[in-house]
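Everything below concerns the one structure shown next.
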Amino acid sequence: MRRPDNDGTRSDLVRSQTEVDRLQERCKALEKSLRDTREALRSRDMEIEALKRERGRALSRSKRGSASSMRTATSSTHHAHHKSRGAADKDDVDDAELDARHRSMEIYMTRTDSWSGAQILQSVQDLNSEILQFAASAAELCPFGKSIGITSLTKSSAAALQDTTARLGSNMARILATKDHSQDPLLVQLAVQACVVTCIIRALSSFCIGFPQKGDTILSQLYSHIYVA
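Residues 1 to 229 in the UniProt record's numbering are what the sequence shown lists, from first letter to last.
Spelled out as structure tokens, the structure:
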């Protein structure tokens with residue numbers, strides 16, 4: 001009777017050790033994610049501080065320019081007075097443009113910080129749904145004729161093929177141009193999805209500050225593999 005109890009205890013210990021190992025790996029992953037997030041926040045804070053310093057220098061230059069214009073106006077002719085007023089107006093316009101630029105950049109740098117993780121995931125899911133619906137609608141609206149081959153393409157079709165090749169690779173572009181998709185447009189839908197995603201990645205990369213290097217490298221390698229294959 002004692003041996004079955006020992007076997008059960010040993011099994012429980014093995015399961016407990018497995019669970020502990022899994023939790024340790026999870027803890028390591030969370031710690032690394034926390035470090036990456038801190039690095040991203042540090043980079044963002046440096047960007048914001050640089051913008052504040054630039055704005056402060058611009059305001060100082062504007063104040064010095066306004067003071068100099070006032071001194072010149074008191075000792076110059078009526079014509080010089082009008083000229084100095086024009087310079088002051090230009091400084092005010094430059095200052096307003098700098099403020100507008102600063103506010104527009106703050107929108108991109110602070111709006112996502114107020115989102116929760118669930119809101120970000122929901123936004124990504126909504127974007128994926130829009131891409132899928134757009135690709136399906138585009139495939140339904142486009143008429144498919146008999147393939148004429150790459151050598152018989154028109155000038156506009158050749159330009160479109162070249163643009164598609166730059167996004168999806170030569171193999172995918174060749175299949176799209178030479179195969180008949182009238183019966184099954186699934187491949188066309190996948191190609192449209194890939195093109196839209198590529199454009200979105202290029203657009204969002206301009207606002208991605210402090211993206212973790214490891215994740216960026218893995219995604220770049222994955223895209224390069226798909227592009228070549």
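Each residue gets a CB set at the ideal place from its N, CA and C atoms; glycine is no exception. Small disclaimer: the values here were computed from a predicted structure and weren't measured.
DSSP places residue 170 inside the alpha helix (DSSP H), whose first and last residues are 170 to 178. For residue 184, there is no enclosing alpha helix (DSSP H), as DSSP marks it with neither H nor E. With a contact defined as Cβ atoms closer than 8 Å, residue 191 and residue 204 miss out at about 21 Å. Taking a 10 Å sphere around the C-beta of residue 217, we find fewer than 16 other C-beta atoms and assign the residue as exposed.
When only Cα atoms are considered, residue 136 and residue 178 end up about 21 Å apart. Counting other Cβ atoms within 10 Å of its Cβ, residue 189 reaches 16 or more and is therefore classed as buried.
The three-state secondary structure of residue 116, taken from DSSP, is coil.
Per DSSP, reduced to three states, the secondary structure at residue 134 is helical. The DSSP-derived three-state label of residue 195 is helix. Residue 139 sits away from residue 168, with the two beta carbons spaced by 7 Å or more. For a cut-off of 8 Å, the C-beta gap from residue 95 to residue 62 is around 5 Å, short enough to register as a contact.
Per the coordinates, the alpha-carbon of residue 23 lies some 45 Å from the alpha-carbon of residue 170. Straight through space, the alpha carbons of residue 221 and residue 214 are spaced by roughly 11 Å. Distance between residue 10 and residue 31, taken at the CA atoms: about 31 Å.
Inter-residue distance for residue 56 and residue 155 is about 53 Å (C-alpha atoms, whole angstroms). Between residue 131 and residue 196, the gap from beta carbon to beta carbon is short of 7 Å. Between residue 134 and residue 116, the alpha-carbon positions lie close to 27 Å from each other. Going by C-alpha positions, residue 164 is about 22 Å away from residue 129. Across the structure, residue 41 and residue 34 are spaced so that their CA atoms are roughly 10 Å apart. The closest CA to that of residue 198, considering only 224, 64, 16, is found on 224. When C-alpha distances from residue 183 are compared across 45, 143, 48, the shortest belongs to 143.
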